[in-house]
Amino acid sequence: MSKSIRIAIVGSGVAGMTALHYLNSKLKSNKNVEFFLIDPNPNFVFTPRLTELITGVTKEKYMIKPKSIFKDHERIHVIKASAKEINLNSKQITVDRIISKLNLKKGQIIDYDYLLLAQGASTNFWGIKGAKKFCFPYKEYPDAQKLKLEIFSHLNSESDEDLNITIAGAGPTGVELAFSITDAIKAANKQRKKEGKSLKENIKVHIVDSGEFMLKKLPSYFQKKSTSLANKKKIFFHSKERVKEVHRAHVDLVSGKKVSSQICIWTAGVTPNVILTVPNVVEDSGHIRVQRSMQVYPLKFPEVFAAGDCTLLEDISKKKSSKKKKNGGKMESVRVRKTYYPPTAQVASRQAEFASENMFVMIKNKKLGLNVPIKLKEFNYKSKGWFVELGTKMALAQAGPIFFKEPVAWHARDKYYKYFFWKLMNGY
Ligand SMILES: Cc1cc2nc3c(=O)[nH]c(=O)nc-3n(C[C@H](O)[C@H](O)[C@H](O)COP(=O)(O)OP(=O)(O)OC[C@H]3O[C@@H](n4cnc5c(N)ncnc54)[C@H](O)[C@@H]3O)c2cc1C
Numbered sequence: 005m006s007k008s009i010r011i012a013i014v015g016s017g018v019a020g021m022t023a024l025h026y027l028n029s030k031l032k033s034n035k036n037v038e039f040f041l042i043d044p045n046p047n048f049v050f051t052p053r054l055t056e057l058i059t060g061v062t063k064e065k066y067m068i069k070p071k072s073i074f075k076d077h078e079r080i081h082v083i084k085a086s087a088k089e090i091n092l093n094s095k096q097i098t099v100d101r102i103i104s105k106l107n108l109k110k111g112q113i114i115d116y117d118y119l120l121l122a123q124g125a126s127t128n129f130w131g132i133k134g135a136k137k138f139c140f141p142y143k144e145y146p147d148a149q150k151l152k153l154e155i156f157s158h159l160n161s162e163s164d165e166d167l168n169i170t171i172a173g174a175g176p177t178g179v180e181l182a183f184s185i186t187d188a189i190k191a192a193n194k195q196r197k198k199e200g201k202s203l204k205e206n207i208k209v210h211i212v213d214s215g216e217f218m219l220k221k222l223p224s225y226f227q228k229k230s231t232s233l234a235n236k237k238k239i240f241f242h243s244k245e246r247v248k249e250v251h252r253a254h255v256d257l258v259s260g261k262k263v264s265s266q267i268c269i270w271t272a273g274v275t276p277n278v279i280l281t282v283p284n285v286v287e288d289s290g291h292i293r294v295q296r297s298m299q300v301y302p303l304k305f306p307e308v309f310a311a312g313d314c315t316l317l318e319d320i321s322k323k324k325s326s327k328k329k330k331n332g333g334k335m336e337s338v339r340v341r342k343t344y345y346p347p348t349a350q351v352a353s354r355q356a357e358f359a360s361e362n363m364f365v366m367i368k369n370k371k372l373g374l375n376v377p378i379k380l381k382e383f384n385y386k387s388k389g390w391f392v393e394l395g396t397k398m399a400l401a402q403a404g405p406i407f408f409k410e411p412v413a414w415h416a417r418d419k420y421y422k423y424f425f426w427k428l429m430n431g432y
């Protein structure tokens, strides 16, 4: 019997799951393939829906699935562990715990023939004083559970103390959270009224961002609409501000302003999850630089691919090679800053599709014994649009040139995300 082909996937988020299903389906007829899906988390979590956990309007089954869904797949080995080190020369991954069920070297080393790095990113506190100590991150399922518990313990208590909730960062996650929390407070007060309890009227939601409007990286329709709706819902938007320091009960802003804050949530950026590689292919920023084929840079290890939030790749769809600016009477060339693909689920899943398509072509070529150079597909992607939820059954959406408003957008988002999640769990 010929030796099996071992495909290791590090990280089972959006990119990892996309690649697993793609390759499992394409290599269906090849009985000699084994997959090693390495991730310490016991569940698959669809992060674009995580903010909906606060209102509870969307059932958890549409965003979280236990990994037991693979228990009947003989060739898919789910390894609940963290990859600690990867030796690209010997093609071995060391994980942080002993895996006894599989026949692994020393119980902790996984050999691979092909590798996809898809370990995603974590909350970036940017070294801001007090941020890591006093803020809730909002990236993983346990983060969402902890925050929900904290908010609801205030909402269900009989204390009439002021409660200020501050969110750092008015990107999609921060804005969605601000609206979800506001709606959760409204729903809790409705219930309290029914039960004849006093209303929680001294709770304020603040959001801090350096932009003039919320959602500053999205089209201006999203910026203006979300900012004006936040105003209507009495969400306090501290625009053109940045957090300087976080304390237990207040936040200092760079302008010198102090915001009273008993709960602070940090949604102002992410940083790639770093895994040690030998030799090192990780940039100082923690990113893995990839070629347009999604193989890691430099091309010394063609069998190693990467996709999703842990990667760095220039977005050439936005590239303007030169820009002219008038200086007095003369036109001068101005250097244009490079733009990189943003850490979003849509980019992660498309990159994983490209990576696995190219990996499949390499495996097929090798099997056929073809010794000709292969032309791999080059990643190029233009965003198809955006969805942002603005509280219970409210959202904004854009698909190509069309913008959708509240309830219609919410239903479109709900349907699309249910399909996206289903595809991530069930494949092609
Ligand atoms: C609250 C929230 C809302 C979001 N909303 C949107 C949205 O509306 N639209 C959108 O496009 N994007 C959204 N995003 C971003 C999107 O979720 C990410 O860009 C996407 O999940 C990236 O996919 P990924 O596979 O690279 O990483 P992830 O999906 O984060 O998966 C990475 C996986 O790697 C695992 N891992 C980490 N370290 C290791 C290790 N050492 N060994 C093994 N495994 C490891 C992690 O446990 C995780 O399961 C949101 C993110 C958050 C947090």
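Quick note, the working numbering runs 4 ahead of the 1-based positions in the sequence shown. Every residue gets a Cβ at the ideal spot worked out from N, C-alpha and C, and that includes glycine.
Worksheet item: With burial defined as no fewer than 16 other Cβ atoms inside 10 Å of the residue's Cβ, what is the status of His77: buried or exposed?
Response: exposed
Item to complete: Assuming Ile189 and Leu159 form a contact by the criterion Cβ under 8 Å, report the distance between their Cβ atoms to the nearest whole angstrom.
Response: 7 Å
Worksheet item: To which residues does DSSP link Ile3 through a beta bridge?
Response: Look at the range of the chain in this structure, 5 to 432, and you will see that residue 3 is not part of it.
Worksheet item: According to DSSP, is Gly389 helix, strand or coil?
Response: strand
Worksheet item: Hey, is Thr55 close to ligand 1, as in C-beta under 7 Å from one of its heavy atoms?
Response: yes
Fill in: Contact check, Glu382 vs Arg293, beta carbons under 8 Å
no
Worksheet entry | Uninterrupted beta strand (DSSP E) stretches inside the stretch 52 to 87 (no shorter than 3 residues) | 68 to 70 and 80 to 83
Fill in: alpha helix (DSSP H) segment containing Asn28, residue limits
Val18 to Lys30
Fill in: Secondary structure, beta strand (DSSP E): runs of 3+ residues fully inside the stretch 115 to 196
118 to 121, 125 to 127, 139 to 141 and 167 to 172
Worksheet item: Hey, Leu181 and Ile269: beta-carbon distance below 8 Å or not?
Response: yes
Worksheet item: Taking the C-alpha atoms as reference points, what is the distance between Met218 and Phe241?
Response: 8 Å
Worksheet item: In whole angstroms, what separates the C-alpha of Asn168 from that of Ile90?
Response: 44 Å
Worksheet item: Does DSSP put Asp418 in a helix, in a strand, or in coil?
Response: helix
Worksheet entry | 8 Å CB neighbourhood of Lys7 in its chain, flanking five on each side removed | Asn36
Fill in: Start and end residues, alpha helix (DSSP H) containing Thr348
That residue, Thr348, is in no alpha helix (DSSP H); it is neither H nor E in DSSP.
Item to complete: Indicate whether Asp256 and Lys248 have their beta-carbon atoms separated by less than 8 Å.
Response: yes
Item to complete: Report the rounded CA-to-CA distance for Ile185 versus Thr281, giving the unit in angstroms.
Response: 41 Å
Worksheet item: Can you name the residues that DSSP bridges to Lys208?
Response: Asn168
Worksheet entry | Cut-off 7 Å between Cβ atoms - residues of its own chain near Lys228, not counting five sequence neighbours on either side | Phe217
Fill in: Trp33 - containing beta strand (DSSP E), residue span
According to the sequence as given, residue 33 is Ser; it is not Trp. No beta strand (DSSP E) holds Ser33; DSSP gives it neither H nor E.
Worksheet item: Quick check: the stretch 124 to 143 against the stretch 262 to 279, are there 3 or more CB pairs under 8 Å?
Response: yes
Discussion item. Using CA atoms only, rank isn't needed, just tell me which of Lys397, Phe40, Pro46 and Val250 is closest to Ile113.
Written reply: Phe40
Fill in: Local conformation of Phe364 per DSSP, three classes
helix
Discussion item. Nearest by alpha-carbon distance to Lys379: which of Gly389, Phe364, Lys371 and His415 is it?
Written reply: Phe364
Worksheet item: Between Arg10 and the rest of its own chain, which residues show a CB-CB distance below 7 Å, the 5 nearest in sequence each way excluded?
Response: Glu38, Phe40, Asp115, Tyr116 and Asp117
Worksheet item: Between the Cα of Lys422 and the Cα atoms of Gly60, Asn47 and Glu64, which residue gives the shortest distance?
Response: Glu64
Item to complete: Give the range of the beta strand (DSSP E) segment to which Gln96 is assigned.
Response: Gln96 to Val99
Practice prompt. Identify the continuous beta strand (DSSP E) that holds Glu402 and give its terminal residues.
Written response: With the sequence shown as reference, residue 402 is identified as Gln, and Glu is not the correct amino acid for it. Run containing Gln402: Ala399 to Ala403, per the beta strand (DSSP E) assignment.
Discussion item. Looking at Gln123: is its Cβ nearer than 8 Å to the Cβ of Val14?
Written reply: yes
Worksheet item: Taking just the CA atoms, how far does His415 sit from Lys409?
Response: 10 Å
Discussion item. What does the Cβ neighbour count give for Leu120, buried or exposed, with the cut at 16 atoms within 10 Å?
Written reply: buried
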